[in-house]
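**Student:** Got a structure for you, written out below as structure tokens; questions coming shortly.
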Ligand code: HEC
Ligand code: HEC
């Protein structure tokens with residue numbers, strides 16, 4: 179009787195082990211191979227259908243549409259080129275300068291597109307799985323994504339009530355001078371500062387500083403968008419990060435002045 183019992187227990191033990199290992203194997207297939215492969219296929223498909231025409235088959239920005247001309251309200255004509263993803267340098271991040279963007283940053287770009295740069299919005303064109311998959315596809319073009327973890331996002335604290343007030347604009351004007359934003363963006367914010375003719379981007383192409391009267395920021399138009407722009411810096415454009423050189427209140431004064439240059443100061447309240 180005892181022998182039978184032991185044998186019986188033994189069988190149950192082995193059956194349990196078999197079930198456990200089966201589920202481990204299938205779990206591995208689900209997470210590691212089969213599902214991952216499906217996701218990669220989906221990312222490739224979405225990329226080929228929606229992004230490749232501009233960003234190119236290799237992600238090097240050499241798609242069929244590799245240069246677009248944009249004439250601004252001011253009469254200035256600039257060349258707009260789709261981003262080359264192969265060096266892993268991104269402008270519109272919430273992370274510190276030198277860092278990779280976060281997944282949320284990339285998701286926001288896919289959703290909203292980029293104003294003034296012809297990059298279309300895909301908020302309603304793609305579902306969440308497709309958006310996530312195409313973001314992973316973007317990451318296959320540069321080895322930086324394998325070598326580095328994205329950094330923490332810079333937190334934007336609550337916007338003070340006085341942003342956009344005339345005294346804040348006045349203080350912001352002083353900071354704009356001290357921080358030498360004018361060297362590129364010009365005293366009047368029209369993007370014609372003394373350094374503006376010599377700027378090259380990380381790909382060696384001439385780049386023009388933002389003309390604050392030309393319309394919306396590429397990132398967006400909110401006060402927070404201006405704040406994060408000079409905090410994170412626009413990597414690859416020559417525009418540095420001012421995260422370490424500005425105190426919190428001064429950052430918001432600078433936002434006030436920048437919005438004033440854009441003619442948006444009336445809308446902040
Ligand atoms: C009509 C052309 C066009 C299409 C289509 C397009 N893009 Fe872009 N994209 C651009 C241009 C131009 C830029 C550079 C914008 C700039 O910096 O002024 C850009 C920049 C980017 C950036 C870099 C932003 C940064 O922070 O530096 C990402 C990421 C991006 N595109 C993703 C995508 C994805 C994903 C798709 C497809 C779902 C896509 N784009 C489709 C034109 C396009
Ligand atoms: C070395 C030159 C340089 C300096 C200095 C500089 N910028 Fe810029 N900035 C640029 C360039 C170039 C662009 C355009 C990038 C683009 O179009 O993608 C830009 C773009 C911007 C934008 C628009 C971003 C967008 O989303 O379209 C804002 C806002 C801005 N700068 C604010 C500032 C402020 C505020 C300062 C000073 C604290 C400053 N910049 C200093 C070169 C500079």
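Numbering (our numbering), first residue to last: 179 to 447. Every residue, glycine too, gets a C-beta built ideally from N, C-alpha and C.
#1: Does DSSP classify residue 287 as helix, strand or coil?
#2: Which residues does DSSP pair with residue 412 in a beta bridge?
#3: Using only CA atoms, which one of 341, 338 and 316 lies nearest to residue 263?
#4: Please confirm if the segment 288-301 is in contact with the segment 342-361, defined as three or more CB-CB distances below 8 Å between the two stretches.
#5: Compare the beta carbon distance of residue 424 and residue 367 with 8 Å and say whether it is the shorter of the two.
#6: Suppose the cutoff is 7 Å on Cβ atoms and the five residues either side in sequence are ignored; what does the same chain contact list for residue 274 look like?
#7: Would you say the segment 353-362 touches the segment 427-441, given that touching needs at least three Cβ pairs under 8 Å?
#8: Put residue 267 into one of helix, strand or coil per three-state DSSP.
#9: Leaving out five residues on either side along the sequence, give the residues of the same chain with a beta carbon under 6 Å from the beta carbon of residue 208.
#10: Any idea if residue 224 is buried or exposed, counting beta-carbon neighbours within 10 angstroms, 16 or more meaning buried?
#11: Could you pull the start and end residues of the alpha helix (DSSP H) that residue 246 belongs to?
#12: Any residue with its C-beta under 6 Å from a non-hydrogen atom of ligand 2 counts. Can you list them all in chain order?
#13: Distance check for residue 400 and residue 435, CA to CA, integer angstroms please.
**Tutor:** In short, the structure shows the following:
#1: helix
#2: 417
#3: 316
#4: no
#5: no
#6: 329, 332, 410, 419 and 421
#7: yes
#8: coil
#9: Its pLDDT being 44, under 50, residue 208 is placed unreliably by the model, and the measurement read from it follows with that caveat. Answer for residue 208: no residue qualifies.
#10: buried
#11: Looking at the DSSP string, residue 246 is not in any alpha helix (DSSP H); the run it does join, the beta strand (DSSP E), is 246-249.
#12: 269, 357, 358, 359, 361, 362, 363, 373, 377, 385, 387, 388, 395, 396, 397, 404, 407, 408, 412, 415, 416, 417, 420, 432 and 436
#13: 13 Å
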